[in-house]
Structures are given as C-alpha cells and as structure tokens.
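Numbering (my numbering), first residue to last: 45 to 822.
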Amino acid sequence: MSAAALTIQAYAPERWGSFTVYPSDVPTTVSTATFAGGEATTVADFTRITGTGKVTIVNKSAGATHVAVAVRGYFLDATGEGGSEYRPLATSYLYDTRFGHGAPARTTPVPGNGELTFEAAGREGIPASGATAVAVNIVAMDQTAHGFLTLTPSDVTAGAGVLNYVPGEANSTFYVVPLSATGQLKLTNHHPGTLNVSITVRGYFTGSTTDASGPRYKPMNTKVLADTLTGVGTDGDTSPIAAGASLTFEATGASGAPSNTVAAAALNIDARTPVSAGWLSVYASGSKDPNISSVVFDEGETNNGFDLVVPGVDGRITITNHSTGTVHLQVSTRGYFIHTRVEVFPATEADDNPPPISPVNSAALQEAEERAEGDPETMAPPYHDTATGRLVTPIGADRVPVDQSPIQVAENQPDDGVGDASVENTPGMEMPTEPVEDDLDPVPVESGPMRTITPRTIFVPNTTHELQRIQDEVLTLDTTQLPSADQLQSAHIQAAKNRVVIEAFSVNDAMVDALTARYGPSKIAVRVISDAEPADAMCSNGIMNRACSHHFWGGSKMATMENGSYCTMGFMWRNSYGRFGLTAGHCGQKGHWFGSWVSSGSVAARGVGVKTGWNPKVGTVYGRGDLLFVNLDYTSDGQRSSPFVFNGGSATRNILPVKGRASRRPRVGDYVCSGGATKGDLCGWKISDTSINVRYASGGLVKWAVEAKRKGVCAAGGDSGGPVFTKVKVNTHVTEWGAVAQGIISGGGGGKTCRLYFTSIHDVQTLAPGDVQRYPFR
45 MSAAALTIQA YAPERWGSFT VYPSDVPTTV STATFAGGEA TTVADFTRIT GTGKVTIVNK
105 SAGATHVAVA VRGYFLDATG EGGSEYRPLA TSYLYDTRFG HGAPARTTPV PGNGELTFEA
165 AGREGIPASG ATAVAVNIVA MDQTAHGFLT LTPSDVTAGA GVLNYVPGEA NSTFYVVPLS
225 ATGQLKLTNH HPGTLNVSIT VRGYFTGSTT DASGPRYKPM NTKVLADTLT GVGTDGDTSP
285 IAAGASLTFE ATGASGAPSN TVAAAALNID ARTPVSAGWL SVYASGSKDP NISSVVFDEG
345 ETNNGFDLVV PGVDGRITIT NHSTGTVHLQ VSTRGYFIHT RVEVFPATEA DDNPPPISPV
405 NSAALQEAEE RAEGDPETMA PPYHDTATGR LVTPIGADRV PVDQSPIQVA ENQPDDGVGD
465 ASVENTPGME MPTEPVEDDL DPVPVESGPM RTITPRTIFV PNTTHELQRI QDEVLTLDTT
525 QLPSADQLQS AHIQAAKNRV VIEAFSVNDA MVDALTARYG PSKIAVRVIS DAEPADAMCS
585 NGIMNRACSH HFWGGSKMAT MENGSYCTMG FMWRNSYGRF GLTAGHCGQK GHWFGSWVSS
645 GSVAARGVGV KTGWNPKVGT VYGRGDLLFV NLDYTSDGQR SSPFVFNGGS ATRNILPVKG
705 RASRRPRVGD YVCSGGATKG DLCGWKISDT SINVRYASGG LVKWAVEAKR KGVCAAGGDS
765 GGPVFTKVKV NTHVTEWGAV AQGIISGGGG GKTCRLYFTS IHDVQTLAPG DVQRYPFR
C-alpha cells in the first residue's frame with residue numbers, strides 16, 4: 045500500500061487552528077485541515093503510507109479538539125497488481141438542488157432527515173457501466189442549523205459523516221464514493237432542517253484491472269507548490285489574490301514525470317485571511333474557468349479543501365478568486381496520478397464532432413503552423429484552444445523560441461463555405477455543350493482591417509520534430525518490432541496534448557508495453573476504434589454509373605487504361621507547363637494512360653500520368669498525401685479539361701462551376717463535400733484531423749492527409765481521386781452556387797462512422813506549383 049484515502053473530522057474544537065497529517069516518519073508543518081472554534085469541520089486527504097504503516101495527526105491549535113478519521117480506500121504501491129484506475133473528467137455538475145441538475149432533477153432543498161437517490165453512472169462523462177466509484181466535491185448551502193451529510197451507494201445504509209455544515213456558511217469537501225450496482229448514489233441529511241446541496245464530479249474509478257493501462261497514484265511527501273504569503277511558486281510575489289483575479293503556478297514539476305503524463309494532481313488548497321466570503325475554482329492552465337467551486341470560505345476564516353485537478357499540458361494549474369475581496373493562497377501537493385505506460389482510451393462520439401474554428405483564427409493558426417514547421421526542433425505543433433478561443437504556440441521545454449511575435453491576419457477572410465453542413469442538395473447548372481475556357485486572371489487580394497493575434501506560449505515536453513518522427517515511424521513497424529502492429533490504422537499529432545495518437549482496432553498488453561518501451565508514455569497514446577472498418581484506397585475494378593462526359597470533369601469516372609480499374613477525376617490544374625487533371629496517386633503511375641468514360645465504354649479524352657508523390661509499394665514518398673498529375677491529351681475536337689465538378693448523385697448531369705482554390709488549409713471543424721464516380725456527392729463531412737498518417741488495408745501508407753467523418757452513406761471503391769470541395773453562393777446569371785476546391789480523395793473506411801482521407805489542395809503546390817482551373821464568372 046502506498047497511500048490511504050482519508051476523511052478527517054475535527055469535532056468540538058475549543059479554539060481556531062489546524063491539523064497537519066503525515067506519514068509517521070515524515071513530519072511536515074503544512075496544514076491539512078483548518079477549523080474554527082466550536083465548529084465541526086471535515087476534510088479529505090490522500091495520505092502517503094510509509095513502511096511504518098502509521099499516520100500522525102498534530103493539533104496546531106491552542107485548544108483541545110476531538111478528531112475522527114475514516115478510511116475510504118487505499119492505493120497500491122508500484123509492486124501491487126490490480127486495483128481500480130482513475131479517469132479524470134471535466135468538472136461539471138452531477139447534482140444540484142438549486143438549479144435542477146441531476147437525474148431525477150430537483151429544484152427544492154434537501155428535506156430535514158431526508159434521503160435523495162440520484163443517478164451517477166451514464167452522466168457527466170461517467171460511463172454507464174464499468175465505473176466503481178466517483179470523485180466528487182460536495183457543497184452544503186442555505187442551512188439554518190448545525191448538521192452533517194452522508195453520501196453512499198444507493199443500496200448502503202448511511203455511515204460516517206462526509207460533510208459537517210454550519211448555519212450561515214457554505215461548507216464543502218472532497219469525497220470518493222463507491223457506486224451501487226445500479227450506478228446510483230444516496231445523499232442523507234442528518235438534521236431536521238433543510239439545505240441546498242451541490243455535487244460536482246472530478247472523475248471516476250474503473251473496476252479492478254491487471255493491465256495498469258490507466259494512471260497510477262504516486263504519493264509524495266507534502267510539498268508546497270504556491271504560497272502567496274511567502275512568495276513560493278509566485279516568483280516572489282507576496283500580494284494576496286485580488287477579487288476576480290487568478291494565480292497560475294507550476295504544479296507537476298514535483299512529480300518527476302513529463303507534464304503531459306500527469307493525469308491529475310492531488311492538492312490541498314488553503315484559502316487564508318479572506319476579506320469577504322467566496323469560493324475558489326481550480327482548473328488546468330489555459331482552459332476556461334468552469335465557475336465551479338473547489339474550496340468555499342467565509343469572511344475572515346481560513347479554510348482548506350482537497351481536490352483532484354487536471355493540469356494543463358504545460359503542467360500548470362490556475363486558481364481563481366470568486367469573492368469581492370482579497371485572499372491569500374497556499375497550495376500543496378499530496379501526490380499525482382501519472383501515466384507510467386502509454387495511455388489507452390476508447391473512441392467517443394465527441395471525437396467525430398469537433399467544434400469549428402473561426403476564419404480569422406484559422407488564418408492565425410496557419411501562420412503559427414508555418415512558424416513551427418520552420419523551426420521544428422524548437423517549437424511544438426500549435427493549436428487553437430476551443431475552450432478559451434486562444435491560439436497556443438508551445439515550445440520544447442528546454443528550448444528558446446525564435447519567433448513568438450504577434451500574428452497579423454485580415455479581419456475579412458474569404459468565404460470558403462466551410463461552416464455549412466446543410467448543402468447536400470443545391471442547384472447547379474446543366475453541362476455545357478461547348479468547351480469552356482477557364483479564368484486566367486490573378487485572384488484579387490482584398491485589403492481591409494487587420495487583427496493582431498497574440499499567441500499564448502507554453503513549454504511542453506515534445507517538439508514538432510520529435511512528434512513527426514514518431515508519427516512517420518510507428519505505422520511502418522512490423523509485428524516483430526511491435527506486437528499486433530497489424531491492428532494499427534492511423535497516426536496523428538494531438539497538438540493540445542503534445543503527443544501522437546495512434547488508432548487501433550484492438551490493443552493488448554504486449555502492444556502497450558512495446559510502445560511504452562520504444563517511445564515512453566509522454567509521446568504516444570492509443571485510441572481504440574473497435575467498431576470501425578479498415579480504411580483503404582478507393583479505386584475499383586467494377587464499372588461505375590456516373591453520367592458520361594466527353595471531357596474530364598471533376599467527379600467524373602476515369603478509366604485507368606493500363607489495368608482496367610476505375611477512379612474519379614478531381615480538379616483541373618494549370619501552370620506554366622500546361623493543363624493537368626488531379627487524381628489520387630494510387631490510381632495509377634507515371635506513364636500510365638487514363639481516359640474519360642462515355643456511355644459506349646470508349647474513351648473520348650486521354651491523358652498520361654506525368655508526376656506523382658506515391659509509390660504503390662510504400663505510399664507517400666514525396667510531398668504530402670496521395671496525388672497524381674495527368675497530362676491531358678488534346679484531341680481534334682478541342683480542350684478536354686473544364687472548370688466544373690459534378691453536383692449530385694452517381695448519375696447526375698448537373699454541375700457546379702469551380703470558383704477557385706480554398707483560401708486556407710482545411711481546419712478541424714470545417715465541413716466539406718466529396719464527389720465520386722461511385723457514390724456521387726456526399727456533403728456533411730466534418731474535418732477531424734488535418735495531418736494524419738493512415739495505413740491502407742491493400743497496402744501503402746498515406747502521410748499527412750486530412751481526415752473527415754460523417755454518419756450515413758460512406759464513400760466507396762471508385763471514388764478515389766475525386767474532388768473534395770465546399771459549396772458557396774456565387775449568385776450570377778449562370779448559377780446560384782459554385783464550388784471551392786479543398787482537396788483530392790485518397791481513401792476511406794466505414795463502420796459506425798464513415799471516414800474520408802484526402803489531400804489538401806494546398807499540398808498540390810508541393811508537387812507542382814499552379815492553381816485550379818476557375819470558371820470565368822462575369
């Protein structure tokens with residue numbers, strides 16, 4: 045045993061004072077619990093247990109007091125097997141009688157000597173099954189007399205008190221409570237008077253396990269992390285925290301582990317000499333204030349609270365003073381939940397529905413990414429923090445940044461149609477009977493007001509160079525290097541957690557051990573996608589039924605004349621060397637002939653592959669993604685490429701004129717449409733990653749592709765090479781709608797959620813500078 049989860053209660057103290065609680069052979073002067081004369085007080089603690097197996101409690105007051113200690117659970121040491129695993133959650137309301145939070149909801153106080161049973165499993169991130177206990181913070185309010193609360197599984201008789209409350213004050217405590225077999229909890233008020241109760245969740249514990257894939261608790265000797273009275277952890281500043289102000293401090297350094305492996309810090313938080321009543325919220329640095337209390341305090345009374353807090357990726361934690369006066373703070377650590385092995389976590393619905401990023405923030409993020417790519421051994425991948433709306437530009441922990449200056453972006457960003465998911469059935473125009481020349485005029489650059497974006501700089505364990513190395517390597521490992529390597533599907537950089545995430549159909553201990561040994565727990569994690577089907581390239585040997593054309597059109601069926609397979613033609617591309625058709629690199633090779641398909645099965649227009657970054661045995665070998673340039677053959681009846689994409693189903697004759705290339709790279713949360721010879725147009729794809737590596741079932745590793753997801757009909761064989769685009773209103777006499785080029789389809793997969801992988805249109809420039817053919821709107 046390494047630590048015990050204790051509830052410590054001071055009963056009938058004669059004077060104001062505090063307890064210090066510590067292993068019997070490691071004394072400390074840092075307080076664990078404070079109390080006022082004559083008031084019962086409850087506090088929680090995760091106390092380290094040493095070889096003596098004993099805990100010492102010292103009364104630091106000038107008077108006597110009774111004390112009661114209850115053991116709620118214990119933690120195994122490094123040699124222990126089994127035990128529950130802790131899974132931290134975003135702080136949220138589980139039950140609150142003031143606002144009707146809870147199941148069942150209640151908006152009246154807890155009755156005197158009454159019991160309330162409510163649901164915990166299946167709510168606020170707690171799984172419907174598999175959770176054995178939850179970590180919560182309990183606040184008692186609006187009480188009129190002294191009393192206490194118990195919180196138990198719904199099928200257990202109330203036991204020792206969890207929270208003592210005092211009239212005229214708000215009282216709070218932390219507690220780990222087991223769940224009943226039905227996933228319910230029971231709250232009991234042990235006093236005739238009524239009161240309101242708020243219960244907020246911090247995380248949950250899983251059932252007993254032997255694989256230790258979750259974070260393990262590492263107890264520490266008590267260490268002060270921040271103290272505004274002495275200047276520890278505050279750069280020497282001894283000023284109290286002003287009303288509404290915050291203190292951010294380094295929280296994970298004492299753990300001795302990389303900051304992004306610390307799942308939660310066990311903290312004791314002292315609110316000292318508060319000028320007015322209020323409360324403290326405690327949360328990861330850089331994230332949005334949850335406005336949920338961790339510690340409540342009354343005017344003039346020092347109060348303690350214990351909490352499990354998820355630190356930011358930079359290892360820092362923020363505390364905000366929600367009172368109208370100043371307050372001093374002391375924060376000490378009792379230990380940490382640390383990932384000592386590679387983290388394994390399940391896929392969730394939230395993974396398929398990321399929030400969008402505004403056009404201005406997208407432009408700023410693109411500039412930040414270019415800076416990181418220009419200095420990959422110093423900087424880490426930047427990201428947009430959706431909780432705060434801030435641009436974050438991380439730096440390697442021991443590096444000095446080259447460029448962290450503010451970023452200037454235009455306020456008026458072009459409308460690329462990326463925010464609209466409801467454009468499935470939009471009117472286009474009929475196919476013209478004569479060839480249409482494209483617009484050769486330069487795209488005008490509109491001037492306008494500029495916005496200054498100042499990035500938030502943090503220090504993280506891993507640089508861009510290191511993460512990209514792992515992303516590029518891990519999918520190339522075979523089963524002799526990585527057990528069950530054939531279960532891996534994709535790899536991408538999760539910038540917000542400064543690590544690589546690989547997706548796997550299944551995972552086992554041998555795989556986790558090998559990944560941990562090779563990369564360590566801070567650099568890589570595994571997301572399990574057990575309900576997904578393997579992704580693959582989407583060429584087909586079957587005959588497609590897309591409407592025939594004598595021209596190369598975006599989205600039309602294209603025959604690979606070398607082997608009889610079929611793909612889809614993407615956008616038309618032009619540069620100083622001529623006009624080309626864009627398609628997927630795996631659809632053919634340099635020197636292969638391609639033809640547009642007509643109803644008779646003959647070829648009306650021909651082209652030859654001239655440039656590709658794809659090797660059929662390896663995958664991406666040059667540039668990014670999966671591309672092939674087809675040099676179009678001009679026959680006697682004129683130009684065979686046209687600035688259009690098909691608009692509709694697999695047999696449509698309706699088309700959209702191409703307005704141009706997207707003004708920026710795709711962003712997580714954008715919506716796009718795909719056009720393929722097999723499935724026709726599919727809209728509502730939501731981008732979930734912008735630089736992912738994917739290993740296809742039929743062979744080949746596509747690198748740095750864009751991933752998008754949707755429900756319902758998936759893309760299928762034959763859709764490879766097709767256009768990925770967004771629809772925008774152009775409102776001309778020709779048509780109401782046009783298409784903005786976003787990319788070229790590479791492959792995809794099905795299952796519960798459809799997945800699409802495509803090459804960004806901006807990455808076409810890497811292989812051959814130029815631009816898409818544009819319709820001459822006049």
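Beta carbons are placed, not taken as given, at the ideal position from N, Cα and C, and that holds for glycine.
These numbers come from a predicted model, not from an experiment.
Any idea if residue i is buried or exposed, counting beta-carbon neighbours within 10 angstroms, 16 or more meaning buried?
i	result
V665	exposed
G728	buried
F143	exposed
Q531	buried
Q374	buried
A721	buried
Q533	buried
T523	exposed
K755	exposed
N542	buried
E751	buried
If you draw a straight line from the alpha carbon of residue i to that of residue j, how long is it in whole angstroms?
i	j	result
T496	A785	28 angstroms
P767	L229	53 angstroms
I696	G433	The displayed chain sequence assigns Thr, not Ile, to residue 696. Approximately 42 angstroms between the Cα atoms of the pair.
M602	V808	20 angstroms
V654	S620	15 angstroms
V99	W60	23 angstroms
H366	G322	6 angstroms
Q633	R708	29 angstroms
S694	V570	37 angstroms
V689	Y130	51 angstroms
Y248	Y118	15 angstroms
A310	S466	46 angstroms
A558	T73	43 angstroms
F769	D140	46 angstroms
S299	A416	29 angstroms
A49	F90	5 angstroms
A177	Y137	16 angstroms
V757	A706	25 angstroms
D681	L726	Residue placement at D681 cannot be trusted, given a pLDDT of 42 that sits under 50; the coordinates are not used to answer.
P493	Q452	10 angstroms
V662	P710	25 angstroms
G330	F293	12 angstroms
Distance cutoff 7 angstroms, beta carbons only. Does residue i sit that close to anything in chain D?
i	result
R708	Structure shown: chain D not included; a single protein chain is present.
Taking residue i as the reference, which of the options has the closest Cα?
i	options	result
G288	E510, F119, V319	V319
D186	A628, P211, T346	P211
V371	G344, H383, V354, V357	G344
H636	Y610, Y740, G614	Y610
Y427	I537, T176, V716, N347	I537
S686	V74, R415, V816	V816
N405	Q457, N397, T364	Q457
K703	V662, K771, G651	K771
G81	A49, T94, K104	K104
T560	F549, D575, V544, S574	V544
R623	H630, I805, V674	V674
V306	N347, D281, R260, T278	R260
P390	D281, V453, I573, I243	I573
D459	G782, F350, R378	G782
V831	R116, A175, T96	Any answer about residue 831 is impossible in this case: the structure gives the chain only from 45 up to 822.
P284	Y327, N737, G369	G369
L526	D342, I546, P403, D121	I546
I736	W597, A579, A760, G625	A579
Q512	R443, L195, M423	M423
Segment contact, 8 angstroms Cβ cut-off, at least three pairs: the region 212-222 with the region 266-274: No, they do not touch.
The region 428-442 / the region 494-507 touching (three or more Cβ pairs under 8 angstroms): In this structure the region 428-442 touches the region 494-507; the number of beta carbon pairs closer than 8 angstroms is three or more.
Stretch pair the region 227-242 + the region 103-119: three plus CB contacts closer than 8 angstroms: Cβ pair count under 8 angstroms is below three, so no.
Given 8 angstroms, three or more beta-carbon pairs between the region 60-79 and the region 328-338: Not touching, per the Cβ criterion.
Inter-stretch contact at 8 angstroms, needing at least 3 Cβ pairs: the region 218-227 / the region 184-203: Taking a contact to require three or more Cβ pairs closer than 8 angstroms, the region 218-227 and the region 184-203 qualify as touching.
Cβ contact (3+ pairs, closer than 8 angstroms) linking the region 155-162 and the region 276-293: Not touching, per the Cβ criterion.
Cβ contact (3+ pairs, closer than 8 angstroms) linking the region 132-139 and the region 165-172: Yes: at least three Cβ pairs fall under 8 angstroms.
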